[in-house]
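Just so you know, we're using the numbering used here here: the first sequence kicks off at 1339 and counts up by one.
C-beta atoms are modelled at their ideal positions from N, C-alpha and C, and glycine is treated no differently.
Quick caveat, the model's predicted, so the values are computed rather than measured.
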Amino acid sequence: MGGVIVETEAYVPDDPASHSYGGPTARNATMFGPAGRLYVYRSYGIHWCANVVCDEEDVGAAVLLRALEPTHRIERMRSRRGVDDLTLLCSGPGRLTQALGVSGGHDGAALDGPPFELTRPNGRPDVVASPRVGITRGADRLWRYTQTGSTYVSRPRPRA
DNA sequence: GTATTGATCTTCT
DNA sequence: GAAGATCAATACA
């Protein structure tokens, strides 16, 4: 299963909104490990959210995957999610993990080998920066990145 | 169409 | 004891 990543948010240790703010805990240990791994955490007690750990210095930085444009094995993702609408399949961190079947067991898994695969886009994607979603602290940092014009982002029409 | 609320885990106060 | 990187169902206009 999979798709094109069309929405992400950045989190670094020096950031009140980040889980790594204030140092390691049992939950966020993966954020302080090697880059290129998956950090999965439980959100609001209900959902799973997936991040790509992205700092070589084991400092605690990651990128939250917020939305995909579904491209592979769409039927499988549909049956997992129980929805028909493609724009609702992966448009949000909790939805994305549910569609891909990612859960707490994948926390710390390496992304450079099976069952995962990450590839670069062709050329430079056209993205827009905007305020991050669902946070109250550090909201002034424009660290949410959405693909321009995509209808698969978690909030329609991010301001340009 | 917008607003409110329930589900319920981890951390912080 | 409260809040949070959320979603979906329900209640209201």
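Check: Along the beta strand (DSSP E) that carries residue 1409, what are the first and last residues, could you check?; Outcome: 1400 to 1410
Check: Taking DSSP's pairing of strands, which residues face residue 1341 in a bridge?; Outcome: 1408
Check: Helix or strand or just coil, what does DSSP make of residue 1427?; Outcome: coil
Check: What is the residue span of the beta strand (DSSP E) that residue 1457 lies within?; Outcome: Run containing residue 1457: none; DSSP gives neither H nor E here.
Check: Considering just the uninterrupted stretch of the beta strand (DSSP E) at residue 1377, what are its terminal residues?; Outcome: 1376 to 1381
Check: Looking at C-alpha atoms only, which residue of 1358, 1441, 1396, 1493 is the closest neighbour of residue 1468?; Outcome: 1493
Check: Note down the Cα distance separating residue 1353 from residue 1366, rounded to an integer number of angstroms.; Outcome: 14 Å
Check: Confirm, please, whether the CB-CB distance from residue 1344 to residue 1388 is below 8 Å.; Outcome: no
Check: Would you say residue 1409 and residue 1341 are within 8 Å of each other, going by their C-beta atoms?; Outcome: yes
Check: Using a Cβ-Cβ cut-off of 8 Å (strictly less than) and excluding sequence neighbours within five positions of residue 1498, which residues of its own chain qualify?; Outcome: Reliability fails at residue 1498, whose pLDDT of 43 lies under 50, so the model's placement of it is uncertain and the value that follows must be treated cautiously. Answer for residue 1498: 1466, 1486, listed in chain order.
Check: What does a CB cutoff of less than 8 Å around residue 1401 pick up in its chain, not counting 5 residues either side in sequence?; Outcome: 1346, 1347, 1348, 1349, 1389, 1390, 1392
Check: Looking at residue 1355: is its Cβ nearer than 8 Å to the Cβ of residue 1470?; Outcome: yes
Check: Take the Cβ of residue 1491 as the centre, count every other Cβ of all protein chains shown within 10 Å, and call the residue buried at 16 or more, exposed below.; Outcome: buried
Check: Whose CA, out of 1362, 1423, 1360, 1404, lies closest to the CA of residue 1381?; Outcome: 1404
Check: Can you give me the C-alpha to C-alpha distance between residue 1428 and residue 1416, rounded to a whole angstrom?; Outcome: 10 Å
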